[in-house]
Structures are given as C-alpha cells and as structure tokens.
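Colleague:
Residue numbers (this note's numbering), protein chains in the order written: chain B, 1 to 372; chain R, 373 to 744.
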C-alpha cells in the first residue's frame with residue numbers, strides 16, 4: 001500500500017523550478033495574488049495599492065462592530081523545520097493560527113496580510129506552494145488576503161501574518177472575565193500536536209541515519225510506514241484547524257464564555273494567563289484532561305508522560321474558556337467539549353488534582369525559546 | 373569638537389546587558405509594552421489579549437470611515453546593517469515607513485502591531501532601544517502600539533510591522549486615478565537617502581580597513597569626521613519622516629491628488645506603477661527633479677550620476693502624486709513641493725526629458741533583491 005510521504009524534502013523533485021530573480025519582487029507578488037477574489041463584504045480594495053481598504057460599516061448584523069487585530073511570526077529553524085513540513089501545510093498553518101486568535105476573542109476573521117522573507121534557495125513554484133496553503137486556509141474560513149510584503153531573506157524563510165476580524169462589542173470575550181466557581185472547558189484534545197512533532201522529529205533522525213552515506217536524492221521513502229496508524233498526530237501538528245465549530249455550537253447553545261484563549265503555548269501557561277488577568281485561582285483534574293489514544297500510545301512508546309505533554313505541549317490551537325456554572329446543562333450536548341475543572345479564589349493558586357487526589361501547583365513550562 | 377558617532381557597534385559598550393533568557397518571552401513583552409497609553413479614540417483594547425480591539429465608529433468627523441491596512445517586513449542583512457544603523461533609529465524607521473504608506477492613501481495612521489524575531493546575541497536593553505525608536509515614532513505621529521509577537525530567531529533580526537489607519541471614503545487617493553494632462557508632483561528631494569546609504573557604506577569600509585589588525589573593541593572613533601557637513605544625508609537614510617505635513621498643506625490649499633504613492637523603491641518605479649494602473653503615460657523633466665546640494669556634492673565626489681540616484685535610489689519616503697492642472701495656482705504656495713512633469717497619453721510611455729531636450733524612456737531599475 002502506498003503511504004503518503006510526509007518527509008517532504010522530496011517534493012522538490014516533482015516540481016519545475018523557476019528562479020525568483022527571473023520575475024523580480026513585483027512579478028512574484030503579481031503571480032501569487034492573481035485571481036484573488038474578496039468574499040468579505042468589508043473588503044473594499046485588496047492588493048495592488050499602498051494599503052488595503054476596508055469598510056467595516058458593511059458588517060451586517062453587528063450593532064456595534066469592533067475590529068480585532070492579531071499578528072504572528074513564524075521563523076524557519078524556530079517554529080518549523082522544512083525537512084518535514086510541506087510548504088503548503090506551512091502556509092495553511094501560518095494562516096490558521098491567526099484565525100484561531102480571532103476566534104479566541106469570539107470574533108470572525110475577515111482579512112489577512114502576508115509578509116514573506118524568502119531566500120534564493122526557494123523557487124517560484126515553492127513559494128506558490130506556500131501561498132496555496134495560505135489561500136486554501138483563507139477559502140475554508142472565508143477570509144480575504146488583502147496585501148503583503150515579499151522580500152529577499154539572506155537566511156531562512158520568514159512568515160509574518162496579520163489578521164483582522166470583527167465582532168459585536170457585546171460578544172467579545174477577553175481573558176480577564178473568569179469568575180469564582182466558573183467552569184473551565186477545553187475543546188478537542190491536548191498534547192496531540194506535540195506528540196505529532198515528536199513523531200516527526202524521531203522519523204527525521206531515522207531518515208538522517210538511514211541516508212548517512214547514501215545518496216539522499218534517490219527519493220526513496222523507506223521508513224515512512226512509521227507513521228502508520230499515527231496519521232492523526234501528524235495532522236494535528238502539520239495542519240491544525242481553528243475551532244470555529246465550537247464557537248458556533250456555543251452560540252447555538254446560548255452560552256457566552258466569561259474568559260477565553262486559544263491554546264498555543266500549552267494549557268498550563270494559558271490557564272495561568274486567564275487566572276492572573278482575572279485575578280482568580282483554578283483547579284483542574286488530571287482525569288478530566290481530554291487525551292487522544294494515539295497520542296497516549298506514542299507517549300508510552302517514547303517514554304514520555306502524556307499528562308505533562310497535555311499540560312505543556314502547545315500548538316493544539318484548541319479553545320480554553322471559562323463559563324458560568326449556570327450554563328452547565330447547556331454545555332453537555334456540545335460535542336468535542338470537556339469540562340476539566342473550575343475557577344477558585346485567587347489565594348488558592350492554580351492547581352492540578354492528580355488521579356490519586358494529590359494536588360500539584362501548575363507551572364507555565366511553556367517553551368522559552370530564548371533559553372537554549 | 374565631539375562628533376556624533378554613527379558607526380554604532382560601539383553603543384553596546386555603554387549599555388548594561390540583561391540576557392533575554394532570564395525573563396522569557398512574556399517577561400520581555402511585558403517590559404517592552406508597560407506604560408503604553410493609547411491616544412487614538414479608536415483603540416479600545418491594546419496589548420495583553422489574543423487580539424487588539426478597535427472601535428472605528430469612534431473616528432470623529434469621518435462620514436464614511438474606511439480602515440486602511442499595510443505591512444512591511446525588514447530583515448537584517450537585506451534592509452539594514454546593524455554595523456552602522458543604531459537600533460533606536462531602526463525602530464523609528466520601521467514604524468515610519470508604515471505610516472508613510474497610510475499617508476500615501478491620504479489616510480491617518482492609527483494603530484500598529486510589531487512582530488520581532490530576535491536572536492540570542494541581543495540583550496534586553498538592546499531590544500528596549502529598538503522599541504524606544506518604535507515608540508518615539510508612534511508618539512510623534514499619534515499612533516498606538518496595540519500588539520505584537522516577539523520570538524526567538526536563529527539568525528538575524530527580523531521586524532515586521534503592520535499598520536492600520538483611517539480615512540473618509542471620499543478622501544482616499546488610489547494609484548489608478550491619474551488623468552491626461554495632470555501635473556506630477558513630488559515632495560522634498562530625491563536620491564538623498566540613497567546617498568546617505570552610500571556614505572555609510574563607504575565609511576564602514578574605511579573603518580573595517582582601519583580596524584584591520586587592531587583591537588576593534590577599543591571604541592576609537594577615528595574616521596567619523598567623514599560625516600561632517602553631510603549630516604542631512606545620514607538623517608534621510610537613518611531617520612526618514614513620513615510627509616504628513618505635505619498632506620495637511622494640500623488639504624489646507626484645497627487640493628486633492630488624483631493618484632498618489634510614497635517613494636520607497638525610487639521615483640521611476642513608482643511613477644511607472646501609477647501610469648500602468650491609471651493607464652496613462654508621463655513626461656518628467658530632469659531639470660525639475662528636486663536634488664539636495666549635499667547629495668549632489670557627494671555623488672560628484674563618489675563619481676555617481678545624481679540623476680540616476682534620484683530616479684532609482686529609493687527609501688526617500690517622499691510623496692509622489694498627480695493632480696489636476698486646474699489646481700496649479702493652489703500648489704504654488706505649498707512649501708517643499710515640486711512639479712516635475714505631467715501625465716500624457718498611454719501610447720507615449722513614461723519618459724524623462726534631459727537637460728538638452730533629449731528624451732529617455734524611464735526604466736524601473738528599482739532594486740531587485742532576488743537578483744544577486
């Protein structure tokens with residue numbers, strides 16, 4: 001059976017190669033942005049001028065429209081490794097993580113601008129691959145690509161995306177609204193994206209040692225069966241989705257969260273942000289943490305503690321929110337949503353209750369990239 | 373007489389050094405953004421949540437408010453050289469070039485987000501220097517810093533700024549509105565920033581050869597007198613300003629440009645953009661090009677053609693616009709503004725009339741960074 005090859009340095013062998021220098025910056029931008037058709041009524045003028053122009057008076061159904069803005073930077077060698085991240089997936093993810101921030105305020109993403117720093121080792125076709133991922137994400141989430149900046153980089157690939165969104169004033173959910181006795185909820189599952197990363201890193205090591213001394217350009221794909229039965233982990237790492245569906249379900253259920261964030265740095269770190277900004281404490285339960293069985297199995301295999309991964313893994317892009325205890329009944333029918341604990345008095349601190357009833361203080365062990 | 377030392381690798385000797393790893397990403401962001409007070413009525417919530425929140429209904433005096441958005445990425449080794457660009461100046465410039473894009477649509481910049489990729493070789497104090505430049509620019513232009521993303525870089529310094537602005541629908545000036553017989557105007561002077569860059573590059577070479585074999589950490593500043601009488605050139609390169617004053621003067625004079633851009637890639641390139649998007653041709657006159665005498669003198673000294681520099685130098689951040697011939701009388705009293713030619717039929721193309729009456733087709737010789 002032919003498995004999908006995720007270790008994607010091979011992709012380039014199937015692509016034709018046009019040097020970026022043959023078309024220059026303006027030619028490249030023209031090619032990347034041609035036939036982009038805005039779908040948001042608020043987009044008045046997209047690429048092609050000094051600025052994009054938006055008319056947020058055109059956002060129907062919003063009595064007091066507010067504009068949301070967020071930005072994320074992805075750097076090669078820090079946030080992604082092109083040895084195993086396909087460019088299209090990378091583009092998709094770079095866009096989606098920004099949408100996720102807008103949803104985390106209970107808003108709707110509407111426009112993005114894309115800044116790219118590209119070194120000469122990339123061909124026009126490869127940058128088109130990257131862009132096709134960004135555009136696919138935009139299509140799926142109904143977001144317009146309205147501008148950007150594309151320039152040469154002397155070093156690695158740099159992607160900087162800024163996203164605008166809209167929300168009615170009364171719908172916006174901040175981080176600082178958690179109240180005593182509120183329920184703490186998360187969507188999906190935790191630690192899965194991190195386990196996907198571990199899997200890819202392990203496989204990369206295997207490939208490197210296999211290729212050592214061989215000619216790596218033969219395009220052989222041995223070893224990729226190591227991904228069999230673990231496709232979901234890869235998907236969570238390589239192609240995360242923003243949980244628009246959860247917000248829609250909450251709206252339908254008539255629940256408005258009191259505080260909300262998306263989980264990019266890990267549950268512990270995000271929960272501590274909500275607690276410190278809301279001036280409350282929290283208590284979550286180890287046995288309530290939603291953990292995927294594939295992730296748990298791989299953690300076992302790799303001798304990792306899956307609870308630690310779930311607490312500190314990061315990149316899940318699931319929603320973490322608090323809501324009133326009165327909404328408990330309304331939450332039950334919402335699919336893929338888990339109540340993991342409750343809000344306490346600030347002096348109680350942020351704690352995890354283990355399976356045997358032991359209490360552990362949460363720590364923001366979120367990755368400090370400046371440390372190593 | 374003590375001269376200001378622009379070759380600024382020396383700065384670090386006067387600064388204390390705190391490693392970024394000692395405070396982590398969140399600590400750093402907290403330190404950089406503390407006591408930022410929004411001044412724009414449209415800024416509802418700045419840093420500290422998943423997104424910034426803006427209320428553009430609060431922009432007084434605008435009947436049909438539109439939101440403008442632009443983004444610029446600056447990469448070390450491509451857009452700046454830290455051997456001679458002080459970090460504070462770099463921050464200032466990174467912000468101002470974005471404001472310039474908003475002004476080029478006849479809008480007012482209101483908010484920015486700042487994405488930074490920083491390697492370990494920078495200290496907290498150095499990043500504060502960079503940020504102090506960004507914040508100074510924001511203060512001067514009345515713009516709020518509402519968010520950002522700060523992350524570790526494995527390579528050089530990366531700065532990505534996205535700027536929002538507002539304008540009334542009827543005031544926005546696009547690139548595509550130039551009409552037959554319109555006047556072509558530029559503010560300030562051209563090629564000066566480019567000559568400033570040449571001066572800095574030349575001095576860097578001198579310093580390098582002087583320091584060769586010596587201990588470069590002695591902090592000696594010999595050679596800096598090479599900048600005497602040329603301070604204006606350095607200022608234009610290191611600390612450009614956006615021409616808000618010109619737009620105010622035009623408003624006062626009752627002139628609305630028909631098409632407008634800011635000059636970042638060079639007059640030729642920008643003028644060809646306006647002409648192609650407006651489907652017109654143009655004719656400009658060599659003897660009308662505003663050229664600073666310091667720039668002309670240095671070009672002479674360095675054996676460069678100052679007209680070529682003025683046409684293709686880039687980074688001037690002056691305004692280039694077209695306006696109706698009927699506005700001619702109103703333009704005369706506007707200071708620091710120069711009429712350099714007029715719009716022609718498209719079949720005429722884009723041409724420069726030389727001092728001896730010879731006609732030359734304009735070429736967009738703007739820097740193609742992907743070429744070398």
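Think of the CB as a built atom: it goes at the ideal place given N, C-alpha and C, for glycine as much as any other residue. Owing to the predicted nature of the structure, the values given are computational and were not obtained by experimental measurement.
#1: What are the residues of the region 478 to 498 of chain R that lie near chain B, defined by any Cβ-Cβ distance shorter than 9 Å?
#2: Run the CB neighbour count on residue 66 of chain B, radius 10 Å, all protein chains shown included, and call it buried at 16 or more, exposed below.
#3: Per DSSP, what are the beta-bridge partners of residue 716 of chain R in this structure?
#4: Considering only the beta carbon of each residue, do residue 538 of chain R and residue 440 of chain R sit closer than 9 Å?
#5: Counting only beta-carbon separations shorter than 9 Å, does residue 51 of chain B have a partner in chain R?
#6: According to the neighbour-count rule (16 or more other Cβ atoms, all chains shown, within 10 Å of its Cβ), is residue 378 of chain B buried or exposed?
#7: Just the chain B side, please: which residues come within less than 7 Å of residue 525 of chain R by C-beta, in chain order?
#8: Run through DSSP, which three-state label would residue 268 of chain B get?
#9: Since residue 722 of chain R and residue 653 of chain R should fall inside the 8 Å C-beta cutoff, what is the C-beta to C-beta distance between them, to a whole number of angstroms?
#10: What residue range does the alpha helix (DSSP H) around residue 234 of chain B cover?
#11: Taking residue 105 of chain B as the reference, give the member of B:352, B:263 and B:326 with the closest Cα.
#12: In the region 52 to 63 of chain B, which residues sit with their C-beta less than 8 Å from some C-beta in chain R, listed in chain order?
#13: So that I know if they touch, is there some Cβ in chain R lying closer than 9 Å to that of residue 169 of chain B?
#14: Taking only the alpha-carbon atoms, compute the straight-line gap between residue 284 of chain B and residue 514 of chain R and give it to the nearest angstrom.
#15: At a Cβ threshold of 9 Å, is residue 16 of chain B touching chain R?
#16: Of the residues R:398, R:532 and R:415, which one's Cα is nearest the Cα of residue 72 of chain B?
#17: Whose Cβ in chain B lies nearer than 9 Å to the Cβ of residue 633 of chain R?
#18: For the alpha helix (DSSP H) containing residue 100 of chain B, list its first residue and its last residue.
#19: Taking the C-alpha atoms as reference points, what is the distance between residue 547 of chain R and residue 650 of chain R?
#20: What in chain B is Cβ-close to residue 534 of chain R, meaning under 7 Å?
#21: My output table needs one value for residue 679 of chain R: the three-state DSSP class, helix, strand or coil.
#22: If I measure Cβ to Cβ from residue 412 of chain R and keep anything under 6 Å in the same chain, skipping five residues before and after, which residues do I get?
#23: Would you say residue 593 of chain R faces chain B, with C-beta separation under 9 Å as the test?
#24: Evaluate residue 520 of chain R with the Cβ neighbour count: other Cβ atoms within 10 Å of its Cβ, from every protein chain shown; 16 or more gives buried, anything less gives exposed.
#25: For the region 339 to 367 of chain B, which residues have a beta carbon sitting closer than 7 Å to at least one beta carbon of chain R?
#26: Since residue 461 of chain R and residue 505 of chain R are thought to touch, with beta carbons under 8 Å apart, how far apart are those beta carbons, to the nearest angstrom?
#27: Report the neighbours of residue 177 of chain B on chain R: residues whose CB is nearer than 8 Å to its CB, in chain order.
#28: Quick one: using the 10 Å Cβ neighbour count with 16 as the cut-off for buried, is residue 734 of chain R buried or exposed?
#29: Give a single yes or no on whether residue 637 of chain R has its beta carbon closer than 8 Å to a heavy atom of the ligand MN.
#30: Could you have a look at residue 559 of chain R and say whether DSSP puts it in helix, strand or coil?
#31: In this structure, does DSSP put residue 25 of chain B in helix, strand or coil?
#32: Are the region 268 to 275 of chain B and the region 312 to 320 of chain B touching by the rule of at least three beta carbon pairs closer than 8 Å?
#33: Take residue 611 of chain R and list the residues in its own chain whose beta-carbon comes closer than 7 Å to its own, dropping the five residues that flank it on each side.
#34: Looking only at C-alpha atoms, which of R:435, R:472 and R:423 sits nearest to residue 518 of chain R?
#35: Within a Cβ cutoff of 7 Å, which residues of the same chain sit near residue 559 of chain R, ignoring the five residues on either side of it in sequence?
#36: By DSSP, does residue 376 of chain B sit in helix, in strand, or in coil?
Modeller: Quick answer:
#1: 479, 483, 485, 486, 487, 488, 489, 490 and 492
#2: If you number the first chain from 1, residue 66 of chain B lands on position 66. Under this definition residue 66 of chain B is a buried residue.
#3: Taking the second chain and counting its residues from 1, one reaches residue 716 of chain R at position 344. When beta bridges are read from the DSSP output, residue 716 of chain R appears opposite R:653.
#4: Residue 538 of chain R sits at position 166 when you count from the first residue of the second chain. Residue 440 of chain R sits at position 68 when you count from the first residue of the second chain. Yes, the pair counts as a contact, with Cβ atoms nearer than the cut-off.
#5: As a position in the first chain, residue 51 of chain B is number 51, starting the count at 1. Chain R, which has a Cβ nearer than 9 Å to the Cβ of residue 51 of chain B, makes this yes.
#6: The question about residue 378 of chain B has no answer, for chain B in this structure spans 1 to 372.
#7: Here residue 525 of chain R is taken as the residue at index 153 of the second chain, counted from 1. Ordered by position in chain B, the residues that pass the 7 Å Cβ test against residue 525 of chain R are 75 and 78.
#8: For the purposes of this step, residue 268 of chain B is taken as residue 268 along the first chain, with counting starting at 1. DSSP places residue 268 of chain B in helix when its eight states are reduced to three.
#9: Stepping through the second chain from its first residue, residue 722 of chain R is reached at position 350. Stepping through the second chain from its first residue, residue 653 of chain R is reached at position 281. Going by Cβ atoms, the distance from residue 722 of chain R to residue 653 of chain R rounds to 6 Å, so yes, they are a contact pair.
#10: The residue labelled residue 234 of chain B in the question sits at position 234 within the first chain. Its alpha helix (DSSP H) spans residues 231 to 238.
#11: For the purposes of this step, residue 105 of chain B is taken as residue 105 along the first chain, with counting starting at 1. Of all alpha-carbon atoms in B:352, B:263 and B:326, the one lying nearest the alpha-carbon of residue 105 of chain B is that of B:263.
#12: 52, 53, 54, 55, 56 and 57
#13: As a first step, residue 169 of chain B must be located in the first chain, where it is residue number 169. It does: the Cβ of residue 169 of chain B has a partner Cβ on chain R nearer than 9 Å.
#14: For the purposes of this step, residue 284 of chain B is taken as residue 284 along the first chain, with counting starting at 1. For the purposes of this step, residue 514 of chain R is taken as residue 142 along the second chain, with counting starting at 1. The alpha-carbon atoms of residue 284 of chain B and residue 514 of chain R are separated by roughly 44 Å.
#15: What you label residue 16 of chain B is simply residue 16 of the first chain in a count that begins at 1. No - not a single Cβ of chain R is within 9 Å of the one on residue 16 of chain B.
#16: By one-based count along the first chain, residue 72 of chain B stands at place 72. Here the closest residue by C-alpha is R:532.
#17: Here residue 633 of chain R refers to the residue found at position 261 when the second chain is read from its first residue. Those are 49 and 50, listed as they occur along chain B.
#18: For the purposes of this step, residue 100 of chain B is taken as residue 100 along the first chain, with counting starting at 1. Element bounds for residue 100 of chain B: 87 to 103.
#19: By 1-based counting over the second chain, the position of residue 547 of chain R is 175. By 1-based counting over the second chain, the position of residue 650 of chain R is 278. C-alpha separation (whole angstroms): 7 Å.
#20: Indexing the second chain from 1 puts residue 534 of chain R at position 162. Neighbours of residue 534 of chain R on chain B, chain order: 71, 113 and 162.
#21: As a first step, residue 679 of chain R must be located in the second chain, where it is residue number 307. Reduced to three states, the DSSP call for residue 679 of chain R is helix.
#22: What you label residue 412 of chain R is simply residue 40 of the second chain in a count that begins at 1. Excluding sequence neighbours, residue 412 of chain R sits near 482 and 516.
#23: Taking the first residue of the second chain as position 1, residue 593 of chain R is located at position 221. With a pLDDT of 47 at residue 593 of chain R, under the threshold of 50, the predicted position of this residue should be treated as unreliable, and no value is reported.
#24: As a position in the second chain, residue 520 of chain R is number 148, starting the count at 1. Under this definition residue 520 of chain R is a buried residue.
#25: none
#26: As a position in the second chain, residue 461 of chain R is number 89, starting the count at 1. As a position in the second chain, residue 505 of chain R is number 133, starting the count at 1. Their Cβ separation, rounded to whole angstroms, is 6 Å, which keeps residue 461 of chain R and residue 505 of chain R in contact under 8 Å.
#27: As a position in the first chain, residue 177 of chain B is number 177, starting the count at 1. By Cβ distance, chain R contributes nothing, its closest Cβ being about 11 Å from residue 177 of chain B, past 8 Å.
#28: By 1-based counting over the second chain, the position of residue 734 of chain R is 362. The residue in question, residue 734 of chain R, is buried, as its Cβ has 16 or more Cβ neighbours within 10 Å.
#29: Because no ligand of any kind appears in the structure shown, any question about the ligand MN cannot be addressed here.
#30: Position 187 of the second chain, counted from the start, is the residue given in the question as residue 559 of chain R. Three-state result, residue 559 of chain R: strand.
#31: On the first chain, position 25 is the one that residue 25 of chain B refers to. Residue state for residue 25 of chain B is assigned as helix, using DSSP reduced to three classes.
#32: Counting Cβ pairs under 8 Å, three or more are found: they touch.
#33: For the purposes of this step, residue 611 of chain R is taken as residue 239 along the second chain, with counting starting at 1. 461, 464 and 465, listed in sequence order.
#34: What you label residue 518 of chain R is simply residue 146 of the second chain in a count that begins at 1. With distances taken between Cα atoms, residue 518 of chain R lies closest to R:423.
#35: What you label residue 559 of chain R is simply residue 187 of the second chain in a count that begins at 1. Here the set comprises 615, 618, 690, 691, 708 and 709.
#36: For chain B, the structure presents residues 1 to 372; residue 376 of chain B sits outside this window and is missing.
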